[in-house]
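Below is one structure, written out as structure tokens, with a few remarks after it.
2 protein chains.
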Amino acid sequence: MKTLLYPSIEKWDQLCTRPEIDKADLDQSVRFILNRVKSDGDEALREYALKFDKISLIDLKVSQAEIDASAGKVPEKLKKAINVAKANIEKFHLSQLRDEDIVETTPGVKCWRKNKPVEKVGLYIPGGTAPLFSTVLMLAIPARIAGCKQIVLCTPAGKDGRINPVIIYCAGITGVTEIYKVGGAQAIAAMAYGTESVPMVYKIFGPGNQYVTKAKEIVQSDGLAIDMPAGPSEVLVIADKFADPAFVAADLLSQAEHGIDSQVIFLTDSMELQNRVLAEIDIQLEELPRKEIALSALQNSISILFASIDECLDFSNMYAPEHLIINTVNASDIAEKVTNAGSVFIGKFSCESAGDYASGTNHTLPTNGFARAFGGVSTESFLKKITFQEIDEKGITAIGPSIELMAEAESLDGHKNAVTLRLNSIKNV
Amino acid sequence: MKTLLYPSIEKWDQLCTRPEIDKADLDQSVRFILNRVKSDGDEALREYALKFDKISLIDLKVSQAEIDASAGKVPEKLKKAINVAKANIEKFHLSQLRDEDIVETTPGVKCWRKNKPVEKVGLYIPGGTAPLFSTVLMLAIPARIAGCKQIVLCTPAGKDGRINPVIIYCAGITGVTEIYKVGGAQAIAAMAYGTESVPMVYKIFGPGNQYVTKAKEIVQSDGLAIDMPAGPSEVLVIADKFADPAFVAADLLSQAEHGIDSQVIFLTDSMELQNRVLAEIDIQLEELPRKEIALSALQNSISILFASIDECLDFSNMYAPEHLIINTVNASDIAEKVTNAGSVFIGKFSCESAGDYASGTNHTLPTNGFARAFGGVSTESFLKKITFQEIDEKGITAIGPSIELMAEAESLDGHKNAVTLRLNSIKNV
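Protein chains in written order, with our numbering: chain A, 12 to 440; chain B, 12 to 440.
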């Protein structure tokens, strides 16, 4: 972990820059996969499963028998833990479903909005070493609360041709309507264009490797909605001399273990704490099964000593971290001043792991500085708001003449005429 | 206008397909412009102004003197009309700014979201034959209500090197912080990457021609936020035998006059109305200054006779129109069943022009079927929601063990350890 002392403000911009990812090579190979799936459908999906995942699949769809069998394979204790998380995620995401008011902007002119679900959504859950069943909860629960009719889940099968039972179990209890054994860029293609087996959806959610990310980027430029642009995961911790260095080190390491490209930033106004945290990291690293990954991630990571906690926060607002942990005495006051972040964890007991799994907030969050313009996934991500207006005689009489003038000034006489005819019909009654 | 009678449901999908726009040629030329602006900044912008707009510009930024002078050039009657529209747009968009509740998902686990403005936003206003000052109102008013600090507006200057005074006037009264004489794809590049004059922003809004649309698509794939994907404007009108054919014809024509690629769809269950509307279109067309444009647009447009109004609505929900006008006796009941549309106009006096200018709803809406996944521009489009959580001893004691189990099952021991350390610290007190 690189250590910096009191960097001048001119250098902040540079320090906020994430490592560039070279995407040029990816573009061609991902486009090739997308086009293959678009033209050859299931046949392409089966070929890619054989090529990339080394499995020969007949049915791409997970059968009801596989779904029924999964529950028995999940330990009861884990089921209970998942249910605690599920209840909290449901409670928080249900609170985001709010009715809109009808606004009478002028007497006789009523305007309002209504939430309507995106009818068909696709969730991508990566495969790999660990089964990320928590992401199933984070995506399927708000989709179900929003009222999405078709909730499609794609995830690659393991070498045994099966999907981890915990993923299937989580999909089952959260209302996923169908599960397909398809991974990588080809899964994004399948949900974007549809194949014989996999239905086309209107919006695609979920994390993935650089191929998946690139595929989402390309289908987005064709007009398909995606949750948000993606980059490596990151945490920024602000702590003062009252913080427990072991807690800070553990929070930094819990981010570093995600992947070798994870970003970890530690800001403090206490040189003593800085030194103790760095020492704690070395101790805790030894115990970590994913030590090698964490070590690589720490090489891109920085610890910065600032003159004050306020300066730490100013830097954080410029950096716009995905996760921001504020581990200081007056953490709530500092949190009030956050302008750019994905999710903020206030106080010494609010560790990122809580939000990753079970507190109720969503863990699908904007990385790479995207928190300057994007929020994380929420129930609204699975809804769109339709505007409605109902104008009566009194209303069009009041605003009609203004519309006529404005339409005329924009040289849109057809627009004007639609109003004039109505105003005349009222006068002539 | 093509007329269809009772098409079978198998044909609906095809009828909902918009004309394909070939974007392959555009890609290269727009990328060239973007890269030029990225590397050469203002110099590139001045060159493009000379090349495309035939003007030689020294200052790209509109001066305070130009802003001060603009108000005097706008007729008082138009100013009053603009103020009527502004008041309604403000009222409706202010109602969208709502505080979020704090949710205690588990005793000791508080989760909430807070709206924070996107600090820097860019608004693009096209030039061309008509000055689209109404779009300034539709974008700048919610930006100001959201609390955006920097509201940048780019629009091309006319051949006299000036910007239409009504656009400047609207920008002045809505809180736009700076105006630049830059148009086309180069304006999008300037706001995406920044130049010596034009600041970089975090999110870009606004309509434009195919170059502008392509430029927004490309900068979006670099992670910059944009309002929504764009296609040609469109209206779908559902009317029954009680509708005034002149109103229906005027509404269809007000969309057709937008551009030759506008989409106009008319659905009814009354053959008599269908015939009378088509006849009315011919009559009203003669009076329309933009007749030639409307005529071209009508060539891509269809009128469909269905067996019932319910079928009309089913088709509309599949088509997902940008604007949906319901001109029937029980229009409110039918509006209840809308699942996919940008903005819905209920009843005979609710013409699209009302929403385009002055009722209060936003006129920046999803086209091209994007209404299946996207809503129109709203105050929320200029905000992002940050999640917060504050967990105390009691809270982490309650959910901690579940987090430990889930993290372990995902092989993320660092995540688990961050909780274990906290649980141990509580036990050891």
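A virtual CB, placed ideally from N, CA and C, is assigned to each residue, including glycine.
When DSSP states are grouped into helix, strand and coil, CYS362(A) belongs to the coil group. Taking the Cα of ALA196(A) as reference, the smallest distance to any Cα among ILE174(A), ILE156(A) and ILE136(A) is reached at ILE136(A).
For PHE253(B), the secondary structure class from DSSP, reduced to helix, strand or coil, is coil. Within the DSSP secondary-structure output, THR14(B) pairs in a beta bridge with SER314(B). Here the stretch 335 to 343 of chain B does not lie against the stretch 203 to 221 of chain B, with fewer than 3 beta-carbon pairs under 8 Å apart. Restricting attention to ALA261(A), ALA257(A) and GLU245(A), the CA atom closest to the CA of LYS302(A) is found in ALA261(A).
Taking the Cβ atoms as the reference, VAL246(B) lies roughly 15 Å from ILE304(B), outside the contact range of under 8 Å. At least one C-beta of chain A is nearer than 8 Å to the C-beta of HIS426(B). In this structure, SER312(A) sits away from LEU289(A), with a CB-CB distance that is not shorter than 8 Å. Its chain contains PRO128, VAL129, GLU130, LYS131, VAL132 and PHE393 as the residues whose beta carbon lies nearer than 8 Å to that of CYS159(A), once the 5 sequence neighbours on both sides are disregarded; these appear in chain order. Relative to VAL187(B), the option among THR431(B), GLY172(B), TYR17(B) and ALA157(B) whose CA is nearest is ALA157(B). It is roughly 34 Å from the alpha-carbon of ASP293(A) to the alpha-carbon of ILE178(A). Within chain B, no residue has its beta carbon less than 8 Å from that of THR390(A); the closest one is some 11 Å off. For the stretch 285 to 319 of chain B, the beta-carbon criterion of a distance under 8 Å to any beta-carbon of chain A is satisfied by GLN295, GLU298, LEU299, PRO300, ARG301 and ALA305.
When the Cα atoms are used, ASP280(B) and LEU434(A) turn out to be separated by approximately 27 Å.
Of all alpha-carbon atoms in SER364(B), ILE271(B), TYR59(B) and TYR222(B), the one lying nearest the alpha-carbon of VAL41(B) is that of TYR222(B).
Assignment of beta-bridge partners to ILE162(B) by DSSP yields VAL132(B).
Residue-level contact check: ASN373(B) touches chain A, since one or more beta carbons of chain A fall below 8 Å from its beta carbon.
The Cβ atoms of ALA92(B) and LEU416(A) sit closer than 8 Å to each other.
Contact between the stretch 252 to 260 of chain B and the stretch 355 to 375 of chain B is present: 3 or more CB-CB pairs across the two stretches fall below 8 Å. With a minimum length of 3 residues, the unbroken runs of beta strand (DSSP E) contained wholly in the stretch 101 to 133 of chain B fall at 114 to 117 and 120 to 128. Not a single CB atom of chain A sits nearer than 8 Å to the CB of ALA168(B). With a contact defined as Cβ atoms closer than 8 Å, GLU111(B) and GLN266(B) miss out at about 37 Å.
Secondary structure at GLU347(B): helix, using DSSP grouped into helix, strand and coil. Approximately 17 Å separates the beta-carbon atoms of LEU164(B) and ALA141(B); this is outside 8 Å, ruling out the contact. Taking 8 Å as the cut-off, the beta carbon of PRO218(A) is found no closer than this to the beta carbon of GLU228(A).
For PHE385(A), the three-state secondary structure derived from DSSP is coil. GLY138(A) places its beta carbon 8 Å or farther from that of ALA409(A). For HIS334(B), the uninterrupted beta strand (DSSP E) segment begins and ends at 334 to 338. Interface annotation for the stretch 138 to 165 of chain B against chain A: THR140, ALA141, PRO142, LEU143, PHE144 and SER145, criterion Cβ-Cβ distance under 8 Å.
Within the DSSP secondary-structure output, LYS72(B) pairs in a beta bridge with TYR191(B). Within the model, the alpha-carbon separation for ASP53(B) versus ALA198(B) is close to 11 Å.
For ARG433(A), the C-beta contacts it makes with chain B under 7 Å involve PHE258, PHE360 and CYS362, in order along the chain. Cβ-Cβ separation between GLY380(A) and SER354(A): approximately 15 Å, too far for a contact (criterion under 8 Å). The beta-carbon distance between VAL193(B) and LEU56(B), rounded to whole angstroms, is 5 Å. This is short enough to meet the 8 Å contact definition.
In this structure, DSSP gives THR378(B) a state outside helix and strand, which the three-state scheme calls coil.
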